[in-house]
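Novice:
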Amino acid sequence: EDLNERNLLDSTLLMITSEMGRMPKVGDPRSGGVNGAGRDHWTHCLTDILAGGGIRGGQTYGTSDRFGEYPADNPLTPADVTKTVYHAMGVNNLEAYDAQNRPYNLLVEGEAITSLF
């Protein structure tokens, strides 16, 4: 709200994410605790929130299955999300040079999700 009021939202990308989701089942014995009542790490499905930076508001991309365990459609990789952030920042050339001045690509995999913009 503050960024929008100060006309900074279009030039600022706000990203809320984590390194992984949480196990969608409570009480799995692999989650530890006396009764296995914890919710362990879950790398198969998680949520990222992106706002501003040219991204159109009020949209979703992809869904999970009904239990929130696995992607149901439009699965993304960390490289896809990273390239989307770079795209929002206007960084489209990911070529760099090593100490011997040989070119290499900083991020070979992934595709920017340009439909969000």
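Okay, so the sequence shown: first residue is 1091 according to this note's numbering, each after it adds one. Backbone N, C-alpha and C fix where the C-beta goes; we use that ideal spot for every residue, glycine too. Since the structure is predicted, the reported quantities are computational estimates derived from the model, not experimental observations.
By Cβ distance, which residues of its chain are closer than 6 angstroms to Leu1103, with the 5 residues on each side in sequence left out?
Specialist: So the list reads Gly1142, Gly1143, Ala1178, once near-sequence residues are dropped.
Novice: With H, G and I counted as helix, E and B as strand and the rest as coil, what does DSSP make of Glu1095?
Specialist: Correct three-state label for Glu1095: helix.
Novice: I believe Leu1206 touches Arg1156 by the beta-carbon criterion, under 8 angstroms. Please report the beta-carbon distance rounded to the nearest angstrom.
Specialist: In fact, because the Cβ distance is near 24 angstroms, the residues do not count as touching under 8 angstroms.
Novice: Roughly how many whole angstroms lie between the Cα atoms of Ser1108 and Asp1100?
Specialist: For Ser1108 and Asp1100, the distance between alpha carbons rounds to 23 angstroms.
Novice: Is Tyr1176 helix, strand or coil when you go by DSSP?
Specialist: Helix, per DSSP.
Novice: Going along the chain, which residues of its own chain have a beta-carbon closer than 6 angstroms to the beta-carbon of Ile1139, five neighbours each way excluded?
Specialist: Taken in chain order, the residues that qualify are Ile1106.
Novice: Does Val1174 pass the burial test, meaning 16 or more other C-beta atoms within 10 Å, or should it be called exposed?
Specialist: Reading the sequence as shown, one finds Thr at residue 1174 and not Val. Buried.
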